[in-house]
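Chains as they are written, first to last, in the numbering used here: chain A, 3 to 500; chain B, 744 to 885.
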């Protein structure tokens with residue numbers, strides 16, 4: 003392949019991904035109300051839907067014994083668009099933020115109050131209404147920084163063919179094999195020769211990689227990396243849109259986006275091809291949809307929750323864990339608020355797709371235990387040594403300047419922020435995952451040091467976009483002129499009543 | 744309120760500066776652009792060979808590519824004997840590069856209709872050389 007070949011491959015893959023995003027954007031009308039308040043988020047959700055449709059197309063074609071390709075996927079997108087139109091959500095009038103306004107029947111009193119507060123207060127907030135020249139310049143600066151961060155990740159991701167070990171050994175190997183065999187060969191899941199490629203992992207990513215290859219007509223592991231900057235951009239749109247809709251000023255939302263785009267511990271050349279970037283995107287999908295569903299912001303929140311659960315469960319086991327945590331949080335919240343019946347649909351939306359995903363995997367590909375962990379260490383001698391090894395290894399990892407600065411900055415954000423239920427939930431989800439990751443090395447078959455050295459950093463890094471959303475949501479009050487919010491305004495920002 | 748905003752702004756600026764400084768921005772951009780300039784025009788396999796995944800032993804990747812081209816289409820799989828090549832840095836790359844052809848590393852028993860490749864070592868007993876490759880050979884059962 004010549005220079006023109008690489009450029010052409012990049013254009014082809016770029017076009018495939020852009021079209022998938024556009025198709026997903028059309029289908030997203032069934033998941034988010036239309037209107038400017040949801041536009042940025044709809045781009046993010048549209049990207050998720052577009053990729054999911056490519057994956058579903060591959061699965062259905064494999065099941066029917068048809069080779070996936072452009073024609074089946076176009077038909078599939080058309081059918082999905084037609085179906086979504088039947089279930090599309092109403093247009094949200096300009097100026098409405100969708101908090102309690104889009105679905106009056108679903109909106110609870112606090113949520114409705116939040117909607118009123120949002121409408122009445124937001125124009126008074128800094129950076130709202132008629133933005134000053136200075137605010138516009140600062141917004142432009144933040145936007146430029148976000149563009150720079152995205153461009154840098156684009157360069158990192160596309161410098162060379164995807165090279166990370168886990169891509170070669172797990173995600174890329176499976177994807178290339180699915181593409182080459184035009185099916186799911188059982189050897190990947192039952193042959194001891196392929197045990198290293200983790201047959202227990204969800205196969206959403208390999209299906210996606212093969213789906214892009216089927217559309218392209220060849221396996222192209224250099225241009226395929228373009229997926230990853232697209233994931234970053236989708237995460238940024240999602241973050242910006244959700245923060246804006248949930249009360250953050252434009253400048254604050256832009257600042258969060260600008261900072262996240264430069265988080266090289268996640269958006270790195272090494273992690274390109276691996277599951278951390280897509281799962282971090284899925285985490286934000288689950289977190290924001292859960293928060294919206296609990297606040298009953300709009301009629302699409304529960305649908306989004308189901309979609310997010312499917313994406314997260316199908317991407318990585320950490321996604322399944324986060325869905326489980328989200329379900330626990332939802333049930334706890336429902337029990338405390340005595341809204342178990344009202345929240346049953348949301349619980350089903352979380353539980354059903356995750357069950358479907360793991361159930362299908364087990365039925366079709368077999369039941370595989372977690373290869374890296376053995377919880378039998380709990381009852382064996384030497385547990386205390388393992389715990390001590392874990393603590394030492396984690397202390398060694400997290401005392402590096404990059405982690406210390408990140409944790410310090412996060413601590414400052416949390417100190418400056420105020421309680422905001424919609425943001426706090428995201429932090430609870432991230433905190434539960436972090437807690438689990440900190441304990442897991444104790445049970446690692448290859449030893450705590452191995453897990454901490456090779457996995458811990460990237461697993462924790464994947465939580466950062468979710469934390470960014472939660473922590474920024476708590477800062478919204480700082481950028482509001484009204485420093486002594488009324489109870490309704492407090493409810494709008496998730497503040498406790500005085 | 745104002746002081747908190749200023750504190751947040753300053754902290755965010757410092758954090759961003761740290762992120763950018765940590766990446767060694769100018770050096771990184773220069774280096775990556777140079778790699779793209781040098782290899783962007785090359786064949787996909789050359790780009791792979793020049794890249795990080797083949798850095799442990801670039802001759803091994805050349806061997807793999809020659810082996811891939813030499814394997815007859817009717818072959819059902821490949822046994823790989825490359826004792827000097829570690830899992831991370833070579834064996835996984837080999838399995839990936841040869842996919843979808845199944846590859847087993849140092850198998851105790853080789854399935855029927857499979858061939859073998861050996862790199863950096865003598866061919867195991869019971870095999871004869873089908874094709875000499877750089878640094879090794881493609882083998883068939885005797």
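Glycine is no exception: its CB is placed at the ideal position from the N, C-alpha and C atoms. Since this is a predicted model, take the numbers as computed values, not measurements.
Boundaries of the beta strand (DSSP E) in which residue i is found, first to last residue
| i | result |
| --- | --- |
| residue 820 of chain B | 820-824 |
| residue 450 of chain A | Per DSSP, residue 450 of chain A belongs to no beta strand (DSSP E); it is in the alpha helix (DSSP H), 450-453. |
| residue 203 of chain A | Unbroken run through residue 203 of chain A: none, as it is neither H nor E. |
| residue 857 of chain B | 857-862 |
| residue 846 of chain B | 846-848 |
Secondary structure of residue i, DSSP reduced to three states
| i | result |
| --- | --- |
| residue 403 of chain A | helix |
| residue 830 of chain B | helix |
| residue 874 of chain B | strand |
| residue 273 of chain A | coil |
| residue 881 of chain B | strand |
| residue 1 of chain A | Here chain A has residues from 3 to 500 only, and residue 1 of chain A is not among them. |
| residue 364 of chain A | helix |
| residue 36 of chain A | strand |
| residue 18 of chain A | helix |
| residue 223 of chain A | coil |
| residue 176 of chain A | helix |
| residue 88 of chain A | helix |
| residue 370 of chain A | coil |
| residue 343 of chain A | helix |
| residue 353 of chain A | helix |
| residue 321 of chain A | helix |
| residue 777 of chain B | helix |
| residue 458 of chain A | helix |
| residue 258 of chain A | helix |
| residue 744 of chain B | coil |
| residue 381 of chain A | helix |
| residue 213 of chain A | helix |
| residue 786 of chain B | coil |
Under 7 Å from the C-beta of residue i: neighbouring residues of chain B
| i | result |
| --- | --- |
| residue 165 of chain A | 794, 795, 796 |
| residue 179 of chain A | 842, 843 |
| residue 273 of chain A | Neighbours of residue 273 of chain A on chain B: none; closest Cβ ~13 Å, over 7 Å. |
| residue 454 of chain A | Ordered by position in chain B, no residue passes the 7 Å Cβ test against residue 454 of chain A, which lies about 17 Å from the chain. |
| residue 224 of chain A | 787, 790 |
Short Cβ contact (8 Å threshold) for residue i with residue j
| i | j | result |
| --- | --- | --- |
| residue 843 of chain B | residue 185 of chain A | no |
| residue 27 of chain A | residue 48 of chain A | yes |
| residue 31 of chain A | residue 91 of chain A | yes |
| residue 325 of chain A | residue 209 of chain A | no |
| residue 285 of chain A | residue 260 of chain A | no |
| residue 290 of chain A | residue 471 of chain A | yes |
| residue 882 of chain B | residue 866 of chain B | yes |
| residue 786 of chain B | residue 833 of chain B | no |
| residue 886 of chain B | residue 803 of chain B | Since the displayed chain B opens at 744 and closes at 885, residue 886 of chain B lies outside it and no answer follows. |
| residue 250 of chain A | residue 475 of chain A | yes |
| residue 201 of chain A | residue 190 of chain A | yes |
| residue 164 of chain A | residue 227 of chain A | yes |
Segment limits, alpha helix (DSSP H) that includes residue i
| i | result |
| --- | --- |
| residue 60 of chain A | 41-66 |
| residue 141 of chain A | 135-160 |
| residue 805 of chain B | 801-813 |
| residue 288 of chain A | 278-297 |
| residue 473 of chain A | 466-475 |
| residue 851 of chain B | Neither: residue 851 of chain B is in no alpha helix (DSSP H) and is coded neither H nor E. |
| residue 421 of chain A | First-last for residue 421 of chain A: undefined, no H or E at that position. |
| residue 795 of chain B | Premise fails: residue 795 of chain B is in no alpha helix (DSSP H) and is neither H nor E. |
| residue 189 of chain A | 189-192 |
Per-residue contacts from residue i into chain A (C-beta, under 7 Å)
| i | result |
| --- | --- |
| residue 835 of chain B | 167, 170, 171 |
| residue 831 of chain B | 167 |
| residue 847 of chain B | 195 |
| residue 779 of chain B | 161 |
Chain B contact residues for residue i, given Cβ-Cβ distances below 9 Å
| i | result |
| --- | --- |
| residue 182 of chain A | 842, 843, 844 |
| residue 411 of chain A | 754, 755, 757, 758, 761 |
| residue 37 of chain A | Near residue 37 of chain A there are no residues of chain B at all, since even the closest Cβ is about 30 Å away, more than 9 Å. |
| residue 174 of chain A | 839, 842 |
Residues sharing a beta bridge with residue i, DSSP
| i | result |
| --- | --- |
| residue 446 of chain A | A:375 |
| residue 10 of chain A | Bridge partners of residue 10 of chain A: none, in fact. |
| residue 93 of chain A | A:36 |
Interface residues of chain A facing residue i [CB-CB closer than 9 Å]
| i | result |
| --- | --- |
| residue 877 of chain B | Within chain A, no residue comes near residue 877 of chain B; the closest Cβ sits about 21 Å away, beyond 9 Å. |
| residue 859 of chain B | The premise fails here: residue 859 of chain B is roughly 14 Å from chain A at the closest Cβ pair, so nothing lies under 9 Å. |
| residue 823 of chain B | Under the 9 Å cutoff, chain A gives no residues; its nearest Cβ is about 10 Å from residue 823 of chain B. |
Residue i: contacting residues in chain A (beta-carbon distance under 8 Å)
| i | result |
| --- | --- |
| residue 850 of chain B | 195 |
| residue 748 of chain B | 480, 481 |
Partner residues on chain B for residue i, Cβ-Cβ distance less than 8 Å
| i | result |
| --- | --- |
| residue 257 of chain A | 755 |
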